[in-house]
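Numbering (our numbering), first residue to last: 44 to 329. Where is the CB? At the ideal position from N, CA and C, for every residue including glycine. One structure is given here, and the rest of the page talks about it.
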Amino acid sequence: MADGCELVVGADGQIGRALLARLAADGRPAVGTSRRPGGAGRPLDLAADPASWELPGRVSVAYLCAAVTSVEACRRDPAGTAAVNVTRTLDLADRLRGRGAHLVFLSTNQVFDGAVPFRREDEPPRPRTEYGRQKAAVERELLAAGGATVVRLTKVVPADWPLVRGWAEVLARGEPVEAFRDMVLAPVPLDFVTRVLARVGEARPGGVFHVSGAADLTYADLARRVAARVGAAAGLVRETSFADKGLPPEAAPAHTALDAARLRDVLGLTAPAFPATLDPPAGRAA
Ligand SMILES: NC(=O)c1ccc[n+]([C@@H]2O[C@H](COP(=O)([O-])OP(=O)(O)OC[C@H]3O[C@@H](n4cnc5c(N)ncnc54)[C@H](OP(=O)(O)O)[C@@H]3O)[C@@H](O)[C@H]2O)c1
Numbered sequence: 044m045a046d047g048c049e050l051v052v053g054a055d056g057q058i059g060r061a062l063l064a065r066l067a068a069d070g071r072p073a074v075g076t077s078r079r080p081g082g083a084g085r086p087l088d089l090a091a092d093p094a095s096w097e098l099p100g101r102v103s104v105a106y107l108c109a110a111v112t113s114v115e116a117c118r119r120d121p122a123g124t125a126a127v128n129v130t131r132t133l134d135l136a137d138r139l140r141g142r143g144a145h146l147v148f149l150s151t152n153q154v155f156d157g158a159v160p161f162r163r164e165d166e167p168p169r170p171r172t173e174y175g176r177q178k179a180a181v182e183r184e185l186l187a188a189g190g191a192t193v194v195r196l197t198k199v200v201p202a203d204w205p206l207v208r209g210w211a212e213v214l215a216r217g218e219p220v221e222a223f224r225d226m227v228l229a230p231v232p233l234d235f236v237t238r239v240l241a242r243v244g245e246a247r248p249g250g251v252f253h254v255s256g257a258a259d260l261t262y263a264d265l266a267r268r269v270a271a272r273v274g275a276a277a278g279l280v281r282e283t284s285f286a287d288k289g290l291p292p293e294a295a296p297a298h299t300a301l302d303a304a305r306l307r308d309v310l311g312l313t314a315p316a317f318p319a320t321l322d323p324p325a326g327r328a329a
């Protein structure tokens, strides 16, 4: 390919792995990077000396999936995580731009404060968490430099989400589960997310896109949905608070769902209202 391969940075992660598999299945020349010794793909540890990064000579599209994704890790070590999530990510972006790449940066609803639902793509970021601040900082730089598309995601859920599978198994045995009454999610299927990213890589539209479930629900609501599907009593879902787990208030924004108008209007894509895989067939453990 004259303009080079596609590069999935962070191909061992949940999204990077699934994206690389999708690109390969679509017959697109794509390679991944890994920070793991002997890992699949080109060695690239954002925490290591950039001289150790082995980048392809020409890159058409680079999907920046690698990051320290734990909100708690970012809170505890803002400087160390910012070195990876901001400084080195921007350094890598510069190098990839120099190799011809359009940059696709995976960001988060946490660039907003969560005070109101359905923030639009053009509303100014207002993060409350260190993780959100780091993402907003990278967004700002990449958008200012151009040649980049920012894709903000709400909660991405795989088809066989261990949380839901575990709940289904416990509830099906008639045993209780605990779930937060005061933490919400707007789940979006992993499969849809990789479809969006692959489409963004083709269209290279630039600007900001939101990928969001249709609405927020609490984790307790989700657990009751699972209970209903496996024929368990809703009362088996015991509501707890995130505060009981020692989590700070900013870990649980009141709203996470985003307005995804640009995704619909520019790319013609709309997320399913609710991931079908979180509603397994009745009577079967998820
Ligand atoms: N999943 C979601 O719900 C969600 C929502 C909003 C935004 N996002 C964003 O989407 C992107 C991908 O998320 P994900 O769910 O796939 O996260 P993930 O499963 O935690 O994957 C993150 C990847 O980054 C890699 N990584 C961490 N530190 C690194 C370093 N120093 N150098 C190189 N690679 C490093 C990890 O490597 P190892 O595998 O070796 O640990 C892992 O492969 C992230 O930027 C995340 O912030 C995700």
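Check, Outcome
"Among all the DSSP beta bridges, which residues are the ones paired with G75?", "V51"
"Return the chain-ordered list of same chain residues with a C-beta closer than 8 Å to the C-beta of P248, the five sequence neighbours on each side being excluded.", "T192, V309 and L310"
"Using 10 angstroms around the beta-carbon of S255, count the other beta-carbons present and answer buried if the total reaches 16, otherwise exposed.", "buried"
"Do you know whose CA, among A211, V147 and V200, lies nearest V181's CA?", "V147"
"Using the three-state DSSP reduction, which class does E115 fall into: helix, strand or coil?", "helix"
"Going by C-alpha distance, which of L50, Q57 and V51 is nearest D203?", "Q57"
"Using DSSP's beta-bridge definition, name the partner residues of V280.", "V220"
"In the DSSP assignment, the alpha helix (DSSP H) including L265 goes from what residue to what residue?", "Y262 to R272"
"Give every residue of the same chain whose Cβ lies closer than 6 Å to the Cβ of R224, excluding the five residues on either side of it in the sequence, and list them in chain order.", "T261, A263 and E282"
"Are the CB atoms of R101 and G75 within a distance shorter than 7 Å?", "no"
"Identify whether F285 lies in helix, strand or coil by the three-state DSSP scheme.", "helix"
"From what residue to what residue does the alpha helix (DSSP H) around R60 run?", "Q57 to A68"
"Please go through the stretch 116-167 and give each complete beta strand (DSSP E) segment of 3 or more residues, from N-terminal end onward.", "145-151"
"On the three-state DSSP scale, how would you describe T192?", "strand"
"Kindly indicate which residue of D88, E166 and V199 has the alpha-carbon position closest to the one of R238.", "V199"
"Does the distance from the C-beta atom of H298 to that of G157 stay below 7 Å?", "yes"
"Decide if A94 is buried, meaning its Cβ has at least 16 other Cβ atoms within 10 Å, or exposed.", "exposed"
"Can you give me the Cβ contacts of T320 inside the same chain, cut-off strictly under 6 Å, excluding the 5 residues immediately before and after it?", "A202"
"Verify the contact flag: A109, CB atom, against every heavy atom of ligand 1, threshold strictly below 6 Å.", "yes"
"On the CB-based measure, 16 or more other CB atoms within 10 Å of its CB, does S103 come out buried or exposed?", "buried"
"Under the rule that 16 or more other beta-carbon atoms within 10 Å means buried, what is G141, buried or exposed?", "exposed"
"Is there at least one non-hydrogen atom of ligand 2 closer than 6 Å to the beta-carbon of Q57?", "Ligand 2 is absent from the structure shown, which contains only ligand 1."
"So, helix, strand or coil for R85, using DSSP?", "strand"
"Keeping to the same chain, check which residues put their C-beta closer than 8 Å to that of R336; ignore five residues upstream and five downstream.", "In the structure displayed, the chain extends from 44 to 329; residue 336 sits before or after that span and is not available."
"Going by Cα to Cα distance, which pick from L185, R162 and L107 is closest to R305?", "R162"
"In or out: V159 buried (at least 16 other Cβ within 10 Å) or exposed?", "exposed"
"So, are the CB atoms of T124 and A136 less than 7 Å apart?", "no"
"At a cut of 8 Å, does the stretch 46-65 reach the stretch 76-93 through at least three beta carbon pairs?", "yes"
"List the endpoints of the continuous alpha helix (DSSP H) containing F235.", "L233 to A246"
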